[in-house]
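Enquirer:
In the numbering used here, the protein residues as written are 485 to 560.
1) Return the CA-CA distance between residue 520 and residue 485, expressed in angstroms with no decimal places.
2) Residues in its own chain within less than 8 Å of residue 561 by CB, not counting five upstream and five downstream?
3) Please report the Cβ distance between residue 539 and residue 547, rounded to the nearest whole angstrom; I am assuming they are in contact, meaning their Cβ atoms lie under 8 Å.
4) With 16 as the cutoff for other CB atoms within 10 Å, does residue 518 come out buried or exposed?
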């Protein structure tokens with residue numbers, strides 16, 4: 485999963501890799517599965533969700549996106 489956090493832009497690498505670093509050991513399997521599925525999404529979609537330009541289509545993804553945004557100081 486660590487390798488899949490590498491996206492092609494340093495910003496996405498840092499945001500997604502940072503979430504994994506914070507939560508890999510203390511989260512449940514369902515949330516890790518949701519994060520793994522989130523990594524299947526295209527970079528432009530991830531950017532839109534992480535920057536708050538659009539909502540993630542799944543509730544479990546939205547919770548992860550909100551956590552990433554909060555830790556990155558992107559929450560409004």
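For each residue, glycine too, the CB sits at the ideal point set by N, CA and C.
Expert: Well, looking at it:
1) 7 Å
2) No answer is possible for residue 561: it lies beyond the span of the chain, which begins at 485 and ends at 560.
3) For residue 539 against residue 547, the beta-carbon gap comes to about 12 Å, at or over 8 Å, which does not count as contact.
4) With 16 or more other Cβ atoms within 10 Å, it is buried.
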